[in-house]
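Below: the structure, in structure tokens.
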Amino acid sequence: MSAAKYDLGAVGLIGAAVVACFWPAATMQGAFFVQDVMVQNYPFREFFARAINQGQLPLWNAAINCGFPLFAEGQAGALYPPNIVLALLLPVWAALNLNVVIHLWLAGVGIYGLLRSFGASWAAGLCAGLCYALSGYMVVRAMSPNFIAVCAWVPVLFYLIECSLARRRWLDLLLFATVVCLQSLAGHPQATAYGLVAVVAYGSFKAWSQNAGWKFCAALVAAPILGVGLAAVQILPTAELVQLSNRGSGLSWEH
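Position in the sequence shown (first residue = 1) + 6 = the numbering used here.
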């Protein structure tokens, strides 16, 4: 059997494992409805989906307090492409189900691809992909679809670093910027920042150890900046809203 067939088989097995683990949600016989999904993600995305289907941007929600700029809040992921597509095709509860399942599968596939880029066997990559996608850390976060979405893209960023070093193609770093943009739109800034720090540190070390040259290092720094810039339409309103919150001026130890 060719390597490509093994790879496709492993990708399929990761997807099958995720579906089996979340069978009721994946087959639309049940719904994620606990903690953050119940009190935040579902109502936010219901408003978002209603606005999108009416051809409007979900900027202001009059039903929260005396009105709230929900678009600026960011966690609804109003501009995250998978959210838009699912909102147009499915009811909110079903869209949330698929959102979680698809991103857990993407997380596993990303790890699989990363290990294969290291030269690991397909079996090792499959084991790693399953361990990450179905780890307690990821599964417990089913209550936070935006967090899972961001974490699912982190292995892809590591993989693109490896590809860009191996092939010296600018396209890989442009794809890197695109993934950073997607992460920034997904709606969990902390996870995005943590992932970027780890990936850029890793890329810098690999570039130094392989004598990649200053052009690659400059591109490695420019790529995440470009990605964040592409997502500025979401980041800037969120940053402005944060300044109006209790956290905007910082919290003392007493609080």
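Glycine residues also receive a C-beta, built at the ideal position from the N, C-alpha and C atoms.
Return the Cβ separation of residue i and residue j in integer angstroms, given the expectation that the two are a contact with Cβ distance under 8 Å.
{"i": "A80", "j": "T184", "result": "This sequence places Gly at residue 80; Ala is not what is there. Actually they are not in contact, since the Cβ atoms of G80 and T184 sit about 19 Å apart, beyond 8 Å."}
{"i": "I58", "j": "L94", "result": "6 Å"}
{"i": "A192", "j": "N252", "result": "With a Cβ gap of about 25 Å, A192 and N252 do not count as contacting."}
{"i": "V106", "j": "I154", "result": "6 Å"}
{"i": "A37", "j": "A31", "result": "6 Å"}
{"i": "L171", "j": "K212", "result": "6 Å"}
{"i": "L163", "j": "G201", "result": "7 Å"}
{"i": "V24", "j": "W111", "result": "5 Å"}
{"i": "V17", "j": "V115", "result": "5 Å"}
{"i": "I117", "j": "G135", "result": "5 Å"}
To which residues does DSSP link residue i through a beta bridge?
{"i": "F74", "result": "N67"}
Does DSSP put residue i in a helix, a strand or coil?
{"i": "N252", "result": "coil"}
{"i": "A101", "result": "helix"}
{"i": "L96", "result": "coil"}
{"i": "F39", "result": "coil"}
{"i": "A10", "result": "helix"}
{"i": "A82", "result": "coil"}
{"i": "W259", "result": "coil"}
{"i": "G61", "result": "coil"}
Starting from residue i and walking both ways along the alpha helix (DSSP H), at which residues does that stretch end?
{"i": "T33", "result": "It is not in any alpha helix (DSSP H) - T33 carries neither H nor E in the DSSP assignment."}
{"i": "L181", "result": "176 to 192"}
{"i": "E210", "result": "Note on identity: in this sequence residue 210 is Ser, with Glu being the wrong assignment. First-last of the alpha helix (DSSP H) with S210: 195 to 215."}
{"i": "N47", "result": "Looking at the DSSP string, N47 is not in any alpha helix (DSSP H), and its letter there is neither H nor E."}
{"i": "W220", "result": "220 to 236"}
For residue i, decide whether its Cβ has a neighbour in chain C, counting only Cβ atoms nearer than 7 Å.
{"i": "P151", "result": "The structure shown contains no chain C; it holds only a single protein chain."}
Could you tell me which uninterrupted beta strand (DSSP E) segments, each at least 3 residues in length, are contained entirely in the segment 109 to 155, listed from first to last along the chain?
Within the segment 109 to 155, no run of beta strand (DSSP E) reaches 3 residues while sitting entirely inside it.
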